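J.: First, the structure itself, so that you have it in front of you.
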Amino acid sequence: MKELLEYIAKALVDKPDKVEVNEVGEGRSIILQLKVDEADVGKVIGKKGRIANALRVIIKSVAT
Numbered sequence: 021m022k023e024l025l026e027y028i029a030k031a032l033v034d035k036p037d038k039v040e041v042n043e044v045g046e047g048r049s050i051i052l053q054l055k056v057d058e059a060d061v062g063k064v065i066g067k068k069g070r071i072a073n074a075l076r077v078i079i080k081s082v083a084t
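Every number in my numbering is 20 more than the matching position in the sequence shown, counting from 1.
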């Protein structure tokens with residue numbers, strides 16, 4: 021999942037070398053933290069959070 025999120029995020033941003041994905045796991049829960057350059061934050065969030073929500077849906081569907 022971490023690799024998939026990193027791949028998608030790098031395709032969305034202008035500075036793919038600044039993309040960083042950290043995986044924090046506790047028990048059955050895994051949290052993926054996505055860090056990008058300040059200039060690319062809007063591209064990852066999208067208008068009204070649509071891109072961020074789409075990323076969540078993709079990752080959740082892969083996780084199940």
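Where is the CB? At the ideal position from N, CA and C, for every residue including glycine. These figures come from a predicted structure and were not determined experimentally.
1. One question on the structure: do Ala20 and Val56 come within less than 9 Å of each other, judged by their Cβ atoms?
2. Give me the DSSP bridge partner(s) of Glu46.
3. Can you tell me whether Val77 is buried or exposed? The criterion is at least 16 other CB atoms within 10 Å of its CB, across all chains shown.
4. So, for Lys22: in the same chain, excluding its five sequence neighbours on each side, which residues have a beta-carbon less than 7 Å away from its beta-carbon?
5. Please look up how many angstroms separate the CB atoms of Ala72 and Ile79, rounded, as I've assumed it's under 8 Å.
T.: Once the coordinates are examined:
1. Given that the chain is displayed from residue 21 to residue 84, the structure contains no residue 20 and the question cannot be resolved.
2. Ser49
3. exposed
4. Val41, Glu43 and Leu52
5. 11 Å between Cβ atoms; not a contact.
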